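**Student:** The sequence shown begins at 1 in full-length UniProt numbering and counts up one residue at a time.
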Amino acid sequence: MVSAVLRTILVTGGAGYIGSHTVLQLLQQGFRVVVVDNLDNASEVALVRVAELAGHNGANLVFHKVDLRDRHALEEIFSSHRFEAVIHFAGLKAVGESVHKPLLYYDNNLIGTITLLEVMAANGCKKLVFSSSATVYGWPKEVPCTEEFPLCATNPYGRTKLVIEDIHVVDLADGHIAALRKLYEDSDKIGCEVYNLGTGKGTSVLEMVAAFEKVSGKKIPLVFAGRRPGDAEIVYAATAKAEKDLKWKAKYGIEEMCRDLWNWASKNPYGYAGSQDNGK
Numbered sequence: 001m002v003s004a005v006l007r008t009i010l011v012t013g014g015a016g017y018i019g020s021h022t023v024l025q026l027l028q029q030g031f032r033v034v035v036v037d038n039l040d041n042a043s044e045v046a047l048v049r050v051a052e053l054a055g056h057n058g059a060n061l062v063f064h065k066v067d068l069r070d071r072h073a074l075e076e077i078f079s080s081h082r083f084e085a086v087i088h089f090a091g092l093k094a095v096g097e098s099v100h101k102p103l104l105y106y107d108n109n110l111i112g113t114i115t116l117l118e119v120m121a122a123n124g125c126k127k128l129v130f131s132s133s134a135t136v137y138g139w140p141k142e143v144p145c146t147e148e149f150p151l152c153a154t155n156p157y158g159r160t161k162l163v164i165e166d167i168h169v170v171d172l173a174d175g176h177i178a179a180l181r182k183l184y185e186d187s188d189k190i191g192c193e194v195y196n197l198g199t200g201k202g203t204s205v206l207e208m209v210a211a212f213e214k215v216s217g218k219k220i221p222l223v224f225a226g227r228r229p230g231d232a233e234i235v236y237a238a239t240a241k242a243e244k245d246l247k248w249k250a251k252y253g254i255e256e257m258c259r260d261l262w263n264w265a266s267k268n269p270y271g272y273a274g275s276q277d278n279g280k
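Following this line, the structure appears as structure tokens:
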């Protein structure tokens, strides 16, 4: 087990859904965490709650409202902290929007990532966990997709990431931290490893609806329509490599995902803006 003592991790997009859950687990495991997020599709309230949930470890959280494309601001952050590694979540993520606004996605996701990599290199930070997407597999000829599948994104968002599968956010956070620890264990190796994080099986829209109806006790009205532009018919990931190398496996199923989402939404009907409690 790699010790987290005195290790400072930069988490880009750390105020977002997956990012904030990962930040919480990092804090709970003893890491110091610096979050960079422009709050374009996130809320700083998420980090306030993370700090509260982390207890005394919440003091080890620092937040900078910065866009990754702002090189000067990013360089100042790197000059103020000695980062052991970076977990990169930042980016726009809506498939449908990416089809209608491709240049926005290329500018935000690609330029932001390139700037981050350049600043990392200039400061000698060599460990990166990059959070990608199953959309990079495009329309695969067979499923589940292994890490060796050819990449063929079907939309601008996917091309900037070169999930359609459902996976609990806590499992995702666990997987990213497992990858981070693997970087430390293999610190003498140079190169890149790709790991799929998923449940290993797909979930249809109707299965998702049925799960939500079960946990909420409410009937959900249905409208059958075509897929959004850029959406693949079916994509889900094979996870044997992550299970073997990272000793990681998803613990939660579709019902637990829907249960926890319903629980949070019930306590926060207006999102972060309308709730005054912890929203746990």
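C-beta atoms are modelled at their ideal positions from N, C-alpha and C, and glycine is treated no differently.
Note that the structure is a prediction, hence the values are computed from the model and not measured.
Check whether the stretch 85-103 touches the stretch 7-26, counting contact only when three or more Cβ pairs, one atom from each stretch, lie closer than 8 Å.
**Tutor:** yes
**Student:** Could you tell me if S266 is buried or exposed, where buried requires 16 or more neighbouring beta carbons within 10 angstroms of its beta carbon?
**Tutor:** S266 should be labelled exposed.
**Student:** I need the boundaries of the beta strand (DSSP E) containing D37, first residue and last residue.
**Tutor:** Its beta strand (DSSP E) spans residues R32 to D37.
**Student:** My assumption, with CB atoms under 8 Å, is that Y195 sits in contact with L246. Please give the rounded CB distance.
**Tutor:** 6 Å
**Student:** If you follow the alpha helix (DSSP H) that V86 is part of, which residue opens it and which one closes it?
**Tutor:** If you look at V86, you'll find it isn't in any alpha helix (DSSP H); it sits in the beta strand (DSSP E) that goes A85 to H88.
**Student:** Alpha carbon to alpha carbon, what distance is there between K93 and L197?
**Tutor:** 17 Å
**Student:** According to DSSP, A237 sits in a beta bridge with which residue or residues?
**Tutor:** C145
**Student:** Going by other Cβ atoms of all chains shown within 10 Å of its Cβ, with 16 needed for buried, is G230 buried or exposed?
**Tutor:** buried
**Student:** Pull up the distance between the alpha-carbon of S43 and that of S204, whole angstroms please.
**Tutor:** Rounded to whole angstroms, S43 to S204 spans 30 Å at the Cα level.
**Student:** Can you check DSSP and say which residues form a bridge with I9?
**Tutor:** V33 and A85
**Student:** Using the C-alpha atoms, what's the distance from A122 back to L172?
**Tutor:** 29 Å
**Student:** From the DSSP output, read off the bridge partner residues of V62.
**Tutor:** For V62, which the question treats as bridged, DSSP gives the partners V34.
**Student:** Apply the 10 Å Cβ neighbour rule to P221 and answer buried if 16 or more other Cβ atoms are within range, or exposed otherwise.
**Tutor:** With fewer than 16 other Cβ atoms from the protein chains shown falling within 10 Å of its own Cβ, P221 counts as exposed.
**Student:** Cutting at 7 Å between CB atoms, please list the residues of its own chain near I254, excluding the five before and the five after it.
**Tutor:** D166, T203, E207, M208 and A211
**Student:** Can you give me the C-alpha to C-alpha distance between G112 and C192, rounded to a whole angstrom?
**Tutor:** 20 Å
**Student:** On the criterion of 16 or more Cβ atoms from any shown chain inside 10 Å, does Y105 qualify as buried, or is it exposed?
**Tutor:** buried
**Student:** Write down every uninterrupted run of the alpha helix (DSSP H) in the UniProt domain "NAD(P)-binding" (184-260) whose length is 4 residues or greater and which is fully enclosed by it, in chain order.
**Tutor:** 205-216 and 240-245
**Student:** Flag this pair as yes or no: are the beta carbons of V215 and W264 separated by less than 8 Å?
**Tutor:** no
**Student:** Can T12 and L103 be called in contact, C-beta distance under 8 Å?
**Tutor:** no
**Student:** Relative to the C-alpha of W139, which residue among F149, S187 and K65 is closest?
**Tutor:** That would be F149, whose Cα lies nearest to the Cα of W139.
**Student:** If I follow the unbroken alpha helix (DSSP H) through L47, where does it start and stop?
**Tutor:** That run of the alpha helix (DSSP H) goes E44 to L53.
**Student:** Which residues mark the beginning and the end of the alpha helix (DSSP H) in which L103 is found?
**Tutor:** Counting along the chain, the alpha helix (DSSP H) containing L103 begins and ends at P102 to Y105.
**Student:** Quickly, what does DSSP pair V129 with across the bridge? List them, please.
**Tutor:** In the DSSP assignment, V129 is bridged to I87.
**Student:** My understanding is that I177 touches T22, with C-beta atoms under 8 Å, so please give their C-beta distance in whole angstroms.
**Tutor:** 7 Å
**Student:** Relative to the C-alpha of N41, which candidate in A90, N57 and A237 has its C-alpha closest?
**Tutor:** A90
**Student:** State the DSSP-derived secondary structure class of R69, mapped to helix, strand or coil.
**Tutor:** DSSP places R69 outside both helix and strand once states are collapsed to three, so it counts as coil.
**Student:** Mind checking Y137: buried by the 16 CB within 10 Å criterion, or exposed?
**Tutor:** buried
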